[in-house]
Amino acid sequence: MTGIRPGPRNLITDIGGLKVGQAHDARVRTGVTVVLPDRPAVCACDVRGGGPGTRETDLLAADTLVEAVDALVLSGGSVYGLGAADGVVAALGAAGRGYSVGEGAKPAPIVPAAILFDLANSGDKNWGDRPPYGELGRQALAAADRAFELGVAGAGYGAKAGTLKGGIGSTSLVDDSGIAVGALVAVNAVGSVVMPGSDAFWAWPFEIDGEFGGARPDPRRPMAPDDWGAAKASPALRQNTTIAVVATNVALTPAQARRLAIMAQDGLSRAIRPVHTLFDGDVVFALSTGARPLAEPWALTLSVLGERAANCLARAVARGVFAARG
145 MTGIRPGPRN LITDIGGLKV GQAHDARVRT GVTVVLPDRP AVCACDVRGG
195 GPGTRETDLL AADTLVEAVD ALVLSGGSVY GLGAADGVVA ALGAAGRGYS
245 VGEGAKPAPI VPAAILFDLA NSGDKNWGDR PPYGELGRQA LAAADRAFEL
295 GVAGAGYGAK AGTLKGGIGS TSLVDDSGIA VGALVAVNAV GSVVMPGSDA
345 FWAWPFEIDG EFGGARPDPR RPMAPDDWGA AKASPALRQN TTIAVVATNV
395 ALTPAQARRL AIMAQDGLSR AIRPVHTLFD GDVVFALSTG ARPLAEPWAL
445 TLSVLGERAA NCLARAVARG VFAARG
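In the numbering used here, the protein residues as written are 145 to 470.
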């Protein structure tokens, strides 16, 4: 691939100024992933699934007051997992981070979140009235670093991708000019990430340097229109969901970041079949650290960034499941 390649880590943290922290509870079989920018980052969101669970996504609209976020949270636990953001907010606020309205007022950390459903994965969910997610959020925030684990980790710890083990995946792309795009995803989809009767991922055409095993489909095998392969046989509402973050070091407005999130959703369509169903709560956040200007003509540059984000997200889905299977 001339002029563009994965970054040195092939992770979303190849975007300068971003860290990722993760924590899990093996007994409960669940976990939390936190994306932490060094400074507030412009953020937008696109929701495509029919059963989403989110926090503070309305705040990310282009016509609202606050344009940047202090962190993003991806969590297992369904509605209970939204409490992971409480722990992150409390810790950031104690450290003096957050939106400030003036001297003497306590800062309000802006921490949107999205959750996936892992309540039926046989982990011990008998937590009474004290779910573990607030503490898991604190632990994930404290662990934030440039390097992080893929596969059975963080928000993907208890996930299932179709009939396969789901998990956390991440990839990046950096071009010769230094423009960078990356993706992070927790894969818990109804749909299959592999082709019928094959170990080849639907995302195989986008693989770089064997990053998810190098398996290729058998060209002699016919592909029936409704053959979804290793999809969940009996999906239930709100029991699935793929949640993701894409990021770039290019300066974007909230409206431009929203377009980046919309285009990035196509990466899920390239990697999961079926996707965006009523049984999923698919959500993609887009972050801009603003380190580099948006080159003119800006509309063309943004379109290129969106395509790269979709590419990264498709690869991240396959990479996460491949790591979880390993």
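Each residue gets a CB set at the ideal place from its N, CA and C atoms; glycine is no exception. Since this is a predicted model, take the numbers as computed values, not measurements.
When beta bridges are read from the DSSP output, Asp319 appears opposite Ile148.
Ala391 has Gly326, Leu431 as its beta-bridge partners, per DSSP.
Straight-line spacing of the CA atoms in Leu422 and Gly195 works out to 6 Å. At the C-beta level, Asn455 and Phe350 come within 9 Å of one another. Contact between Gly326 and Thr315 holds: their C-beta atoms lie close to 7 Å from each other, under 8 Å. Burial state of Gly310 is buried, judged by a 10 Å Cβ sphere holding 16 or more other Cβ atoms.
In the DSSP assignment, Ala188 is bridged to Ala430.
Only buried fits Ala408, as 16 or more other CB atoms lie within 10 angstroms of its CB.
In terms of CA proximity to Arg282, Ala238 leads the group Ala249, Val428, Ala238.
When the Cα atoms are used, Ser219 and Ser321 turn out to be separated by approximately 34 Å. Taking Arg171 as the centre and dropping the five residues before and after it, the same chain places the C-beta of Gly267, Asp268 closer than 8 Å to its C-beta, in chain order.
Setting aside the 5 residues that flank it on each side, Gly225 is surrounded in the same chain by Ser219, Ile259, Tyr277, each with a C-beta closer than 6 Å to its C-beta; the list follows chain order. Pairing Asp426 with Ala167, the inter-Cα distance amounts to about 22 Å. Between Pro256 and Leu216 a beta carbon distance of about 6 Å is seen, short of the 8 Å cut, so the two are scored as contacting. Straight-line spacing of the CA atoms in Ala324 and Leu396 works out to 13 Å. A direct Cα-to-Cα measurement between Arg173 and Thr386 gives close to 17 Å. In this structure the stretch 179–194 does not lie against the stretch 360–380, because fewer than three pairs of beta carbons, one per stretch, are closer than 8 Å. Per DSSP, Ala249 lies in no alpha helix (DSSP H) and is assigned neither H nor E.
Shown here, Asp410 sits in a helix according to DSSP, grouped into three states. Taking a contact as a CB-CB distance under 8 Å, the pair Arg403 and Leu431 does not count as one, their CB atoms being some 14 Å apart. When DSSP states are grouped into helix, strand and coil, Gly231 belongs to the helix group. Taking each of Ala288, Arg274, Gly248, Gly272 in turn and checking the Cα distance to Ala235, the smallest one comes out for Ala288. Ranked by how close their Cα comes to the Cα of Ala468, the residues Leu209, Ala330, Arg274 have Ala330 in first place. Taking 9 Å as the cut-off, the beta carbon of Arg452 is found closer than this to the beta carbon of Leu317.
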